[in-house]
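So for the sequence shown, the numbering used here puts the first residue at 386; every next one is plus one. Even glycine gets a Cβ: it sits at the ideal position worked out from N, Cα and C. Below is one structure, written out as structure tokens, with a few remarks after it.
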Amino acid sequence: SDYDAVALDFDNTLVQYNLTSLFQFHYSYLTKYLIEKNTYHGLQSMMNKEDIDFIRRGLFMDFKHGNVLDISAEGCIITASHGTKKLSKQEIIGLYGQEMRWSVTDLFIKDKLALWEGPASNETRTFLDYTDITGTLVFAKAIDLLDENKEGDYSMVWPHLLEAIIDMYRMESDFTNTILNNMPLYIHKCDSEVTEFLKKLKQNCKLLLITGSPPVLVNKIADHSMGTGWENFFHTIVYSAKKPAFFTSNNIPFLDKDDHEIEMRSSQGIYQRGNWSELYKTIERELGRPAKCVYLGDSVIQDVYATSMAKSPIDSVAVIEEALTDALFPGNHPHQDYLRSEYWGSYFGEANRTSVMGDIIKTCSKLCVPSISYLADKPIDYQHIPFWVTK
Numbered sequence: 386s387d388y389d390a391v392a393l394d395f396d397n398t399l400v401q402y403n404l405t406s407l408f409q410f411h412y413s414y415l416t417k418y419l420i421e422k423n424t425y426h427g428l429q430s431m432m433n434k435e436d437i438d439f440i441r442r443g444l445f446m447d448f449k450h451g452n453v454l455d456i457s458a459e460g461c462i463i464t465a466s467h468g469t470k471k472l473s474k475q476e477i478i479g480l481y482g483q484e485m486r487w488s489v490t491d492l493f494i495k496d497k498l499a500l501w502e503g504p505a506s507n508e509t510r511t512f513l514d515y516t517d518i519t520g521t522l523v524f525a526k527a528i529d530l531l532d533e534n535k536e537g538d539y540s541m542v543w544p545h546l547l548e549a550i551i552d553m554y555r556m557e558s559d560f561t562n563t564i565l566n567n568m569p570l571y572i573h574k575c576d577s578e579v580t581e582f583l584k585k586l587k588q589n590c591k592l593l594l595i596t597g598s599p600p601v602l603v604n605k606i607a608d609h610s611m612g613t614g615w616e617n618f619f620h621t622i623v624y625s626a627k628k629p630a631f632f633t634s635n636n637i638p639f640l641d642k643d644d645h646e647i648e649m650r651s652s653q654g655i656y657q658r659g660n661w662s663e664l665y666k667t668i669e670r671e672l673g674r675p676a677k678c679v680y681l682g683d684s685v686i687q688d689v690y691a692t693s694m695a696k697s698p699i700d701s702v703a704v705i706e707e708a709l710t711d712a713l714f715p716g717n718h719p720h721q722d723y724l725r726s727e728y729w730g731s732y733f734g735e736a737n738r739t740s741v742m743g744d745i746i747k748t749c750s751k752l753c754v755p756s757i758s759y760l761a762d763k764p765i766d767y768q769h770i771p772f773w774v775t776k
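Okay, structure coming up:
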């Protein structure tokens, strides 16, 4: 209630997925693609219990060596595997030196956007969204297969996997069509408490939906999840926002519904692409004073870190479902086994060693919650305290 404008992400923030069904289908789709298109014969297309435990967000793939790394806030390797086989401390030192650091992830420590462009993007990638999280497992299982076949060249695993992911994200792909034709299996309905929460927010401030997804996809999923007429919950809808650049750049023009470039004259309406700086200035002009704004999203880089680097001011709230599996909030997550990894430990870090993703959440966001439902259960003027602050 302290904010003039509240903006929400769509996927895995406002709309939540059945992660058990989604992860299983995602893994199956990618592995079958690799088997059929790139002859990774012997790759299993169904996950077992150990495979599921390997899944976790925020892990870094070392394409050259076929390794997967968990990195601390300081840039040190906490845990590492070769394929799915865990490496000992001595093996890590042998590969990455006495300080257990990798020069490529050191770039990420200095600049959290460095891995999305430039030479580093050819050496590593980290998956931060539930829609591609099993990609790390597929990478590791492909490395296992090459080792079994005594093939030591891992250079094509990432290009092949990236090709599979790009195919999966196509609007006309079997993956997308299966999701859209079986939405009750993959997509949860929004709680009535959440829709009532949106109505209250709209009465108290400007309410915005800012999503990287295209209109055709959002409209179909939102109709299922929130019901027809869901657009009326919001003053502003921005589709196809190219995050993180939406926040960190000020030169991406807004488009109207027909893909024509436009100048934003009113914050109210339906737009595509664009940038936060122009939208903020429009809100500021309408208010006649500086605006206090916040963005709620699930991606540590695209939503949380990017807003901290925005050209115009905006706070963030991290919506992290793993916060529930780590018992940072009361209750149990329905897909606990798919989010809590005994192999890697907590997404936030273990004991006194914070992971790099946990550190971004704590230093760049104002608050972390497990879901929008958690906020909806509280009064709109409730004073939230971050879980990392001593009460």
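- prompt: Residue range of the alpha helix (DSSP H) that I477 falls in?
  reply: To locate residue 477, count along the sequence shown from 1; it is residue 92. Residues K474 to Y481.
task: Using the Cα positions of Y481 and L444, report the straight-line distance between them to the nearest angstrom.
output: Start at 1 with the first residue of the sequence shown, and residue 481 comes out as number 96. Start at 1 with the first residue of the sequence shown, and residue 444 comes out as number 59. If you take the alpha carbons of Y481 and L444, they lie about 16 Å apart.
message: In whole angstroms, give me the CA-to-CA distance for M553 and T561.
response: Here residue 553 is taken as the residue at index 168 of the sequence shown, counted from 1. Here residue 561 is taken as the residue at index 176 of the sequence shown, counted from 1. Their backbone Cα atoms lie some 7 Å apart in a straight line.
- prompt: Given that a residue counts as buried once 16 or more other Cβ atoms are within 10 Å of its Cβ, and exposed if not, what is E707?
  reply: Here residue 707 refers to the residue found at position 322 when the sequence shown is read from its first residue. Classification for E707: buried.
task: Below 8 Å on the Cβ atoms is my guess for S406 versus K417; work out the distance and round it to an integer in Å.
output: On the sequence shown, position 21 is the one that residue 406 refers to. On the sequence shown, position 32 is the one that residue 417 refers to. Distance from S406 to K417 at the Cβ level is roughly 16 Å; contact not present, criterion being Cβ atoms closer than 8 Å.
message: Helix, strand or coil, according to DSSP, for G734 in the structure here?
response: Position 349 of the sequence shown, counted from the start, is the residue given in the question as residue 734. Correct three-state label for G734: strand.
Contact under 8 Å by Cβ, I462 with I477: Stepping through the sequence shown from its first residue, residue 462 is reached at position 77. Stepping through the sequence shown from its first residue, residue 477 is reached at position 92. Taking 8 Å as the cut-off, the beta carbon of I462 is found closer than this to the beta carbon of I477.
task: Indicate, with yes or no, if the ligand ZN has a heavy atom lying under 7 Å from the CB of R555.
output: Absence of the ligand ZN from the depicted structure is noted, as is the absence of any ligand whatsoever, leaving it without description.
task: Assuming I757 and V603 form a contact by the criterion Cβ under 8 Å, report the distance between their Cβ atoms to the nearest whole angstrom.
output: Position 372 of the sequence shown, counted from the start, is the residue given in the question as residue 757. Position 218 of the sequence shown, counted from the start, is the residue given in the question as residue 603. Actually they do not touch by this definition, with Cβ atoms about 16 Å apart.
query: DSSP state of M742, grouped into three classes?
result: Sequence index remark: in the sequence shown, residue 742 carries index 357 (1-based). Helix at M742.
- prompt: For S634, which residues of its own chain have a beta-carbon under 6 Å away from its beta-carbon, when the five flanking residues on both sides are left out?
  reply: The residue labelled residue 634 in the question sits at position 249 within the sequence shown. Cβ within range, chain order: N660.
- prompt: Which term fits W773, buried or exposed, when burial requires 16 or more other beta carbons within 10 angstroms of its beta carbon?
  reply: Position 388 of the sequence shown, counting from 1, holds the residue named residue 773. The residue in question, W773, is exposed, as its Cβ has fewer than 16 Cβ neighbours within 10 Å.
field: Pairwise C-alpha distance: H609 and H450
entry: On the sequence shown, residue 450 is found 65 positions in, with the first residue counted as 1. On the sequence shown, residue 609 is found 224 positions in, with the first residue counted as 1. Cα-Cα distance, rounded: 43 Å.
- prompt: On the three-pair Cβ rule with 8 Å, is the region 684-700 touching the region 734-751?
  reply: Contact holds: three or more Cβ-Cβ distances are below 8 Å.
field: Contact set for R510: own chain, Cβ-Cβ below 6 Å, skip 5 residues either direction
entry: Start at 1 with the first residue of the sequence shown, and residue 510 comes out as number 125. Excluding residues up to 5 positions away in sequence, M446 lie with their Cβ nearer than 6 Å to the Cβ of R510 in the same chain.
- prompt: Can you pull the DSSP bridge partners for G612?
  reply: Reading the sequence shown from its first residue, position 227 is the one you call residue 612. According to DSSP, which records beta bridges pairwise, G612 is partnered with nothing at all.
query: If we call anything under 8 Å between Cβ atoms a contact, is K591 one with I705?
result: Counted from its first residue, the sequence shown places residue 591 at position 206. Counted from its first residue, the sequence shown places residue 705 at position 320. In this structure, K591 keeps its C-beta atom at 8 Å or more from the C-beta atom of I705.
field: Contact under 8 Å by Cβ, T692 with S652
entry: One-based indexing of the sequence shown puts residue 692 at position 307. One-based indexing of the sequence shown puts residue 652 at position 267. The beta carbons of T692 and S652 sit no closer together than 8 Å.
- request: Assess, as a yes-or-no matter, whether the region 452-460 is touched by the region 716-734 under the definition of 3 or more beta carbon pairs within less than 8 Å.
  value: At 8 Å Cβ cutoff, the stretches touch.
message: Judging by CA-CA distance, which residue of Y571, L393, D387 and S558 is the nearest neighbour of L594?
response: By one-based count along the sequence shown, residue 594 stands at place 209. Nearest of Y571, L393, D387 and S558 to L594, Cα basis: L393.
field: Bridge partner(s) assigned by DSSP for R674
entry: Locating residue 674 in the sequence shown gives position 289, counting from the first residue. According to DSSP, which records beta bridges pairwise, R674 is partnered with nothing at all.
message: Applying the 10 Å Cβ sphere with the 16-neighbour rule, what's the burial state of K628?
response: Along the sequence shown, one-based indexing puts residue 628 at 243. Buried, because 16 or more other Cβ atoms sit within 10 Å of the Cβ of K628.
query: Under the DSSP definition of a beta bridge, which residues are partnered with L594?
result: For this step, residue 594 is matched to residue 209 along the sequence shown. L594 is bridged to L393 and I622.
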